[in-house]
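These notes concern the structure reproduced below.
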Amino acid sequence: MDNPSIPICESSVLEEGGKGIRFPVIAGGGAGTGFVVRYDSRVYAYLNRCAHVPIELDWNEGEFFDSGGLYLMCSTHGALYTPEDGRCAGGPCRGGRLRAITVYERNGQVYWEPDDYVKPTTA
Ligand code: FES
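Quick note on numbering: the sequence shown equals residues 1 to 123 in this note's numbering.
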């Protein structure tokens with residue numbers, strides 16, 4: 001297999017609109033983190049890199065949702081992203097979006113799938 005799936009956590013850890021789980025990646029050749037959250041019963045994962053300034057979104061580890069639980073929020077200047085597609089929904093990310101990472105659940109476990117840009121830390 002070219003792109004073997006990598007386990008992140010158990011499905012039960014991800015609560016609807018709750019804390020996200022971070023996982024290490026290599027993105028574009030550099031060390032980074034991805035994160036996965038649950039929204040509308042589904043899991044979504046993105047590269048943990050704001051579209052405004054390329055820094056991590058969560059100031060408190062795993063805190064990605066805004067207080068209303070409807071948007072992913074960058075803690076630095078408050079950029080808002082829609083959880084379903086990572087598009088900018090407000091704030092300084094204007095026109096930008098989060099880089100999606102393929103993620104899925106199987107047998108109570110959450111996995112992510114590397115692609116051409118986001119790769120595992122140990123290949
Ligand atoms: S760095 Fe995320 S909003 Fe500015």
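Quick reminder that beta carbons are idealized off the backbone N, C-alpha and C, glycines included.
Proximity to S67 across T121, C9, S11, G17 peaks at G17, based on C-alpha coordinates.
Annotation for C74: no beta strand (DSSP E) segment contains it, and DSSP assigns it neither H nor E.
From the listed residues Y104, D85, T102, V103, the smallest Cα separation to G95 is found for D85. Cβ neighbours of P92 within its own chain (closer than 7 Å, five residues either side excluded): H52, H77, A79.
Inclusion of S5 and E113 in the CB contact set at 7 Å is warranted, their separation being smaller than that value.
Measuring C-alpha to C-alpha distances from Y39 to each of L14, N60, V25, L57 identifies L14 as the nearest. In chain order, the residues with a C-beta atom nearer than 7 Å to some heavy atom of the ligand FES are C50, H52, V53, I55, L57, C74, T76, H77, G78, A79, G91, P92, C93. Sorting V37, A27, G29 by C-alpha distance to the C-alpha of V110 places V37 at the top.
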